[in-house]
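Enquirer: Oh and the sequence shown: position 64 is 64 in our numbering, straight run, nothing missing.
We put the beta carbon where it would ideally sit given N, CA and C, even for glycine.
Remember, predicted model here, so these are calculated numbers, not experimental data.
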Amino acid sequence: MRRIFLSFVLLLVNLGLFAENGHQLWLRNVANGKVTVVCSDKSVTTAIAVQELKDGWQGRDGATITLKIKKDKAIKNDGFKIGTSEIQANTAVGVLYGAYELLRRQQTGEPIEEKIFNPSYQVRTLNHWDNLDGTIERGYAGRSIFWGEEKNLLPPTEQEKQLWKEYARANASIGINGAVLNNVNASPDMLMPEILQRVKEIADVLRPYGIKTYLSVKFSSPSQAGGLENSDPLNPVVRKWWNAKVKEIYQLVPDFGGFLVKANSEGQPGPQDYGRNHADGANMLADALKPFGGIVMWRAFVYASNDKDRAKQAYNEFKPLDGRFRDNVIVQVKNGPIDFQPREPFSPLFGAMKKTSVMPEVQITQEYLGHSIHLVYLAPMWEEMLKADTYQQGEGSTVAKCTDGSIYPQTYTAVAGVANVGLDTNWCGHEFAQSNWYAFGRQAWDHQLTSEQIADEWIKLTFGNAASLQDADWKNNFLAPVKQMMLDSREAAVNYMMPLGFHHIFAAEHHYGPGPWWAPEGVRSDWTPPYYHQASADGVGFNRTRTGSDAVKQYHEPLASQLNDPKTCPENLLLWFHHLPWDYKMKSGRTLWDEICVHYARGLEQVGEFQKVWDKVEKYVDAERFAGVQSKLRAQRRNAQVWNDGCLLYFQQFSKRAIPYNLDRPQHDLDELIQNDMKRFDE
Ligand code: GCW
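1. Using a Cβ-Cβ cutoff of less than 8 Å, which residues in the same chain neighbour R524 once the five nearest sequence positions on both sides are dropped?
2. Is the CB-CB distance between L181 and H128 below 8 Å?
3. Looking at the structure shown, is E361 part of a helix, part of a strand, or coil, going by DSSP?
4. Grouping DSSP H, G and I as helix and E and B as strand, with all else coil, what is L126?
5. Contact check, N639 vs G515 under 8 Å by CB: the rounded distance?
6. Please return the same chain residues whose Cβ sits closer than 6 Å to the Cβ of W445, not counting the five positions on each side in sequence.
7. Please state whether DSSP places S220 in a helix, a strand or coil.
8. My assumption, with CB atoms under 8 Å, is that G56 sits in contact with L103. Please give the rounded CB distance.
9. Look up T157 in the DSSP assignment and say whether it is helix, strand or coil.
10. Excluding sequence positions up to five away, which residues of its chain have a Cβ less than 8 Å from the Cβ of K161?
11. Which class does K115 belong to by DSSP, given the choice of helix, strand or coil?
12. At a cut-off of 7 Å, is F219 close to the ligand GCW when judged by its beta-carbon and the heavy atoms of the ligand?
13. Let's test the definition: count the other Cβ atoms within 10 Å of the Cβ of Y661 and tell me whether it reaches 16, buried, or not, exposed.
14. Return the chain-ordered list of same chain residues with a C-beta closer than 7 Å to the C-beta of Q606, the five sequence neighbours on each side being excluded.
15. Residues bridged to A89 by DSSP?
16. Short of 8 Å in beta carbon distance, which residues of its chain neighbour R546, apart from the five on each side in sequence? Order them along the chain.
17. From E137 to D671, what does the alpha carbon distance come to, in whole angstroms?
18. Would you report the Cα separation of F318 and E367, rounded to the nearest angstrom?
19. Skipping 5 residues on each side, what residues in its chain have a beta carbon closer than 7 Å to that of A560?
20. Using alpha carbons as the reference points, say which of V329, D327, Y315 and L648 lies closest to N335.
21. From this set, E52, L289, E20 and Q122, which residue's C-alpha is nearest A31's C-alpha?
22. Let's test the definition: count the other Cβ atoms within 10 Å of the Cβ of P236 and tell me whether it reaches 16, buried, or not, exposed.
23. So, with DSSP's three-state summary, where would you put T462?
24. Strictly by DSSP, which residues pair up with M297?
25. Roughly how many whole angstroms lie between the Cα atoms of P222 and A170?
26. Got a sec: does the ligand GCW put a non-hydrogen atom nearer than 7 Å to the Cβ of N420?
27. Alpha carbon to alpha carbon, what distance is there between R326 and D287?
28. CB-CB under 8 Å to F5, same chain, minus the five flanking residues each way: which ones, in chain order?
29. Excluding the 5 residues flanking S220 on each side, which residues of the same chain have their C-beta closer than 6 Å to its C-beta?
30. Along the chain, where does the beta strand (DSSP E) that runs through A414 open and close?
31. I need the DSSP call for F542, collapsed to helix, strand or coil.
32. Enumerate in chain order the residues of its own chain whose CB-to-CB distance from P188 is below 8 Å, with the five nearest sequence positions on each side excluded.
33. Nearest-angstrom Cα distance between A635 and V598?
34. For Y214, write down the residues that DSSP places opposite it in a beta bridge.
35. Should D339 be counted as a contact of the ligand GCW given a C-beta to heavy atom distance under 7 Å?
36. Which residue comes first and which comes last in the alpha helix (DSSP H) that contains C597?
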């Protein structure tokens, strides 16, 4: 009876009809055949690989597969080779990655032939902006899985450890091998012995899955936590303090990864407080970590309050320091020059620092892309950045190549994503936000993968099963439309939020709805949207050309000249680089004003299309996940309407032109939106 019942449950799960709550992420598939796994290595990591293969096997029933740790020059770092009956790697973690790759191929129907898979970046980290009190800065999926006032000083419960294990497994399955456990706006308490004890507990759970633990540190920790007179990086007493602290950490976590540092940025302390520069600060920590093999990820997200163009500042501060950093320092650069906006050009620091290791940082959590409410698949945004040509060493010097060690020698290569993970049952708040975690890991492993392929895999793993792969109806009427919706979703968000190069016109603080009007007296101007859009009767956009801030100069030719000329500047970045009259003629033949209106309307319409796509696939999705996404799409549509109305009515005050009469009219009054903007209107 029991067996019959279990097979029935399994059948329902396989049919996708049994309750699913998203907690299993992309790891829902179960074995439908037996496999014998031969493995002479006895590490915990290969034991996981063996178990995973047995639990998820969808290859030939009765097959035998051998797992081998054997050096091969063609296999790099934790890369691996898979074949039909063998997985080979240099390390146990490589074998584990090989197991996940093989299973993914079985479960998505990709071919399995002998092939080597090497990672694009050595260090592939998630940055958690988790605070010790359990809140998460810019987190939209519940509280921290690691921290909480009531928990920090207690030994972790079995339940917590189980969750950390599931988290580690999810990461390992997509090749993520590092986790920074706390917010870059770091508390000095992070380095207290009691807290480090919990760090050790977490690291112990993550280790078998090949995940190294890192911490964000506050630069002023020596004075704030250590009671020293100052935290000057050239002060021998301060250096000694860090050396001792690092040693203490390594005693607890022997494979500790290193530090992530936000310094002299948004009020955070840093070396400049003592008249020193970023290299002085980073090198001090690098020296302390070096004997243990640790690294420093030093963020370039800096902007002082006095510069005319915030977009230029990271470059201005860091480029002159090129070559002055230790080889275990990696400068961590946000994908764009400002701040994770729906669309930015790539940061000009990529490729410009030729003697310093540089790593890209992307934001998986959707601070500026609709939180965990909007369905926005971010892989296309990151793909755009990775594949953008910097021209720094001639044509084809893409951001990917400038950061993966293939153009410039780098002792370490790395990439970071700001995590979107919290205690919500489905981890990310929105079912489709899981795809962004997934995509980050996949692109970090292989930066040449296309967004399309990643979406294809993710949908099959998250909503499909062995039967779906054989089912033409499922492929045509579920996979295809849902994939298209995902691929269109980022451009849709750009359209209804900030088309044509608009940026940072968000409502203050929560960054969810529109706030192009927000500019209270006394607030520094580069924290206000009017600074970024520069709308006036004569036109709109930020002049970053040679006649303006000359930010274009930070890009290499021929790009600098292309961006400088509105005729050759890509239209999707036009208002990022140019201030143009409302009547400026666009390539479509429309005026700039009309084109702006058309883009907002298009974005709104696209969300309406997504709703239709989703409603139509109801029969292919389990009830809980279907309803969750459906309701969020409704909220997204309402919010897109708010964006459309708020931006058009606000800018219309300057353009003094009609919204083209063939477009739908706004539904809200501008005053109403302005009064309500702090309420995360229409959430
Ligand atoms: O995007 C901004 C966020 C801050 C964040 C900062 C950063 C952690 O609004 O919340 O602080 O960037 O990246 O340091």
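Expert: This is what the structure gives:
1. Here the set comprises S305.
2. Yes.
3. Strand, per DSSP.
4. Here L126 sits in strand by DSSP.
5. Not quite, the Cβ-Cβ distance comes to about 13 Å (not below 8 Å), so this is no contact.
6. P119 and G175, listed in sequence order.
7. Of the three classes helix, strand and coil, the one that applies to S220 here is coil, per DSSP.
8. Indeed, because the Cβ distance is near 4 Å, the residues count as touching under 8 Å.
9. DSSP places T157 in coil when its eight states are reduced to three.
10. Excluding positions up to five away in sequence, the list reads E201 and V205.
11. Here K115 sits in strand by DSSP.
12. Answer for F219: no, Cβ out of range of the ligand GCW.
13. Y661 should be labelled exposed.
14. Cβ neighbours of Q606 beyond the five flanking positions: D488, A492 and N495.
15. For A89, the pairing in a beta bridge is given by DSSP as I69 and F80.
16. Beyond the five residues adjoining it in sequence on each side, R546 comes within less than 8 Å, by CB distance, of V552, K553 and N564 in the same chain, given in chain order.
17. Take the alpha-carbon of E137 and the one of D671: they are about 30 Å apart.
18. If you take the alpha carbons of F318 and E367, they lie about 25 Å apart.
19. Within the same chain, A560 has close Cβ partners V552 and K553.
20. When only C-alpha atoms are compared, the closest one is Y315.
21. From the listed residues E52, L289, E20 and Q122, the smallest Cα separation to A31 is found for E52.
22. Result: exposed.
23. Note: T462 maps to helix in three-state DSSP.
24. In the DSSP output, where bridge partners are listed per residue, M297 has L260 and I330.
25. The straight-line gap separating the alpha-carbon atoms of P222 and A170 is approximately 36 Å.
26. No.
27. Distance from the CA of D287 to the CA of R326, rounded to the nearest whole angstrom, comes to 8 Å.
28. Here the model assigns F5 a pLDDT of 49, short of 50, so the residue's position is not dependable, and the following value carries that caveat. Once the five neighbours on either side are set aside, F5 has no close Cβ partner at all.
29. Cβ-Cβ distances below 6 Å link S220 to S231 and P269 in the same chain, with the five nearest sequence neighbours on each side left out; the list follows chain order.
30. Its beta strand (DSSP E) spans residues A414 to V418.
31. Correct three-state label for F542: coil.
32. Around P188: K218, S220, S221, Q224 and A225.
33. So the alpha carbons of these two residues sit roughly 22 Å apart.
34. BP columns for Y214 point to V180 and G258.
35. It does: the Cβ of D339 is within 7 Å (strictly closer) of some heavy atom of the ligand GCW.
36. Boundaries of the alpha helix (DSSP H) harbouring C597: L592 to K616, taken from the DSSP string.
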